[in-house]
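In our numbering, the protein residues as written are 1 to 404. As structure tokens, the structure follows; a few thoughts come after it.
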Ligand code: ZN
């Protein structure tokens, strides 16, 4: 009965069967079936009705996994693209079918979308804070290993330039990033010996980034690394623990000054260790790159809920939610308009530019009807969106609600 499993995780089969669900969905299905009410067709939308404080948008992720969860079931599914920006109120995904055919999967599909979206959104925010400098995700140690590849995938899609997990990188189709932990230096007992051994042994295509905070001051270790590896040293990484940190900005400025003064202008400075958006923003002009883990792996939750908005063809919803099936239209200036699903909008009511519908068929009659892009392609689209966000002076966190 599961007590003999080594790890407390669901198998792919258990997820696909809906066994991970809340029991009340099972009971709902049983009541509908036994009371002769199983024929009702509903249209349910997944949306956010309140982003975390300070958040005006989020980045949708997990769409491909949801398609894999729902394919083969007698439903139609519409969704925004993986990596699409969305605002509150906007339906990001919608399911049409008999409630008994998909209701038990609500917990699973929301869990996928919420977790993936929360990680991708945070990664995008950190990428924006560190704009122009590489942001690497070093967060697999913060999550259960069963979902480490998922954390890597969505951090990458959200905009991180590199991910450290070996399996996560393999599944995302990229090379994993990272050089040495403190353990290498401590095990060998000497920084210089460790840096030199790394340089001699590790493949030449891995940039030589020496960890420079293990046993003594960042400035002296960085200079020692530069002297030891010379031209081959690509950069130093400062992973200063918070208990020793003081003002990280001052430490980076001092290390930069010391390296430049000694003729090591080519040596880049990477910072890691408990960084969040604000830390990255404060260091972005003086550091050359960032390693970010826990703040992306354990992001604020982007709460997505699924609500029925139509039953047997009639608009119907619980109070607090907009009834009826809806479409979201967007112009190139990221102005969004929510309309009723059957309204065809051509022009943005704010700026007059052409608009495109964001909800598109994902599954029709159980068949997946969309090609999925590679994670690197999704990431490129996210970066394009982030570029636009940087150019917009005032982003309106609320979409226009338009009922013609
Ligand atoms: Zn517009």
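All C-beta atoms, glycine included, are put in the ideal place defined by N, C-alpha and C. As the structure is a computational prediction, the values presented were derived from the model and not from experiment.
Do residue 270 and residue 142 have their beta-carbon atoms positioned less than 8 Å apart in this structure? Here residue 142 corresponds to residue number 142 of the chain shown, with the count starting at 1. Here residue 270 corresponds to residue number 270 of the chain shown, with the count starting at 1. It is not a contact, given that the beta carbons lie outside the stated cut-off.
Would you check if the distance between the CB atom of residue 28 and the CB atom of residue 302 is smaller than 8 Å? The residue you call residue 28 lines up with position 28 of the chain shown. The residue you call residue 302 lines up with position 302 of the chain shown. Cβ atoms of residue 28 and residue 302: not closer than 8 Å.
Can you tell which of 102, 161, 394 has the C-alpha that lies nearest to the C-alpha of residue 70? Along the chain shown, one-based indexing puts residue 70 at 70. If we check each option's Cα against that of residue 70, 102 comes out closest.
Continuous alpha helix (DSSP H) assignments of at least 4 residues falling wholly in the segment 128–181: 148–157, 166–172
Do you know how far the Cα of residue 107 is from the Cα of residue 55? For this step, residue 55 is matched to residue 55 along the chain shown. For this step, residue 107 is matched to residue 107 along the chain shown. So the alpha carbons of these two residues sit roughly 24 Å apart.
Under DSSP, the beta strand (DSSP E) around residue 306 begins and ends at which residues? Residue 306 sits at position 306 when you count from the first residue of the chain shown. Note, residue 306: beta strand (DSSP E), 305–311.
Name the one or two DSSP bridge partners that residue 87 has. Residue 87 sits at position 87 when you count from the first residue of the chain shown. Partner(s): none; residue 87 has no beta bridge.
Among 57, 235, 11, 67, which residue has its Cα nearest to the Cα of residue 399? Taking the chain shown and counting its residues from 1, one reaches residue 399 at position 399. Minimum Cα distance to residue 399 is reached at 57.
Quick check: is any heavy atom of the ligand ZN less than 7 Å from the C-beta of residue 396? Taking the chain shown and counting its residues from 1, the one referred to as residue 396 is at position 396. Not so, every heavy atom of the ligand ZN lies at least 7 Å from the Cβ.
What first and last residue would you give for the alpha helix (DSSP H) that runs through residue 24? Locating residue 24 in the chain shown gives position 24, counting from the first residue. That run of the alpha helix (DSSP H) goes 23–34.
DSSP three-state assignment for residue 95, whether helix, strand or coil: The sequence position of residue 95 within the chain shown is 95, counting from 1. Here residue 95 sits in strand by DSSP.
For residue 190, the three-state DSSP class (helix, strand or coil): Numbered from its first residue, the chain shown carries residue 190 at position 190. Residue 190 falls in the coil class under three-state DSSP.
Between residue 340 and residue 45, how many whole angstroms is the CB-CB distance? I'm expecting something under 8 Å. The residue you call residue 340 lines up with position 340 of the chain shown. The residue you call residue 45 lines up with position 45 of the chain shown. Not confirmed; about 12 Å, so no contact.
Would the C-beta of residue 66 count as close to the ligand ZN, meaning under 7 Å from any of its heavy atoms? Reading the chain shown from its first residue, position 66 is the one you call residue 66. Because no heavy atom of the ligand ZN lies under 7 Å away, the Cβ of residue 66 does not count as near it: no.
For residue 119, the nearest candidate out of 147, 190, 234, 226 (CA to CA): The residue given as residue 119 occupies position 119 in the chain shown. Check the Cα spacing between residue 119 and each of 147, 190, 234, 226: the tightest is with 147.
Throw me the rounded Cβ distance for the residue 99 and residue 32 pair, which I believe falls under 8 Å. Position 99 of the chain shown, counting from 1, holds the residue named residue 99. Position 32 of the chain shown, counting from 1, holds the residue named residue 32. Indeed, because the Cβ distance is near 7 Å, the residues count as touching under 8 Å.
Alpha carbon of residue 181 to alpha carbon of residue 249, nearest angstrom: For the purposes of this step, residue 181 is taken as the residue at position 181 of the chain shown. For the purposes of this step, residue 249 is taken as the residue at position 249 of the chain shown. Residue 181 and residue 249: Cα-Cα distance of roughly 22 Å.
Straight-line gap, residue 422 to residue 95 (C-alpha atoms, nearest Å): The structure shown does not extend to residue 422, since the chain spans only 1 to 404, so no value can be given for it.
Status (buried if at least 16 other CB within 10 Å, exposed otherwise) for residue 216: The residue you call residue 216 lines up with position 216 of the chain shown. Looking at its Cβ environment, which holds fewer than 16 other Cβ atoms inside 10 Å, residue 216 is exposed.
Span of the alpha helix (DSSP H) around residue 375: For the purposes of this step, residue 375 is taken as the residue at position 375 of the chain shown. Start and end: 375–391.
Is it true that the CB of residue 110 sits closer than 8 Å to the CB of residue 304? Mapped onto the chain shown, residue 304 falls at position 304. Mapped onto the chain shown, residue 110 falls at position 110. It is a contact, given that the beta carbons lie within the stated cut-off.
What did DSSP end up calling residue 371 once you bin it into helix, strand or coil? Start at 1 with the first residue of the chain shown, and residue 371 comes out as number 371. Residue state, collapsed to three classes: coil.
Limits of the alpha helix (DSSP H) - the one that residue 416 falls within: Residue 416 lies beyond the residue range present for the chain, which begins at 1 and ends at 404; the question has no answer from this structure.
Residue 11 versus residue 22 - alpha carbon distance: Counting from one through the chain shown, the residue named residue 11 turns up at place 11. Counting from one through the chain shown, the residue named residue 22 turns up at place 22. Straight-line Cα distance between these residues: approximately 16 Å.
Can you confirm whether residue 279, when its beta carbon is compared against all beta carbons of chain D, has any partner nearer than 8 Å? Given the protein chain composition of this structure (a single chain), no chain D is represented.
Of the choices 165, 134, 133, 126, whose alpha-carbon is the least far from that of residue 144? On the chain shown, position 144 is the one that residue 144 refers to. Among 165, 134, 133, 126, the Cα nearest to that of residue 144 is on 165.
Give the straight-line distance between the Cα atoms of residue 402 and residue 319, rounded to the nearest whole angstrom. On the chain shown, position 402 is the one that residue 402 refers to. On the chain shown, position 319 is the one that residue 319 refers to. If I take the Cα positions, the gap works out to 19 Å.
Measure the beta-carbon distance from residue 255 to residue 222 and round it to whole angstroms, keeping in mind my assumption that it falls under 8 Å. Working through the chain shown from its first residue, we reach residue 255 at position 255. Working through the chain shown from its first residue, we reach residue 222 at position 222. Correct: roughly 5 Å between the Cβ atoms.
Throw me the rounded Cβ distance for the residue 76 and residue 279 pair, which I believe falls under 8 Å. Residue mapping note: residue 76 aligns to position 76 of the chain shown, counting from 1. Residue mapping note: residue 279 aligns to position 279 of the chain shown, counting from 1. No, residue 76 and residue 279 are not in contact; Cβ-Cβ is about 45 Å, not under 8 Å.
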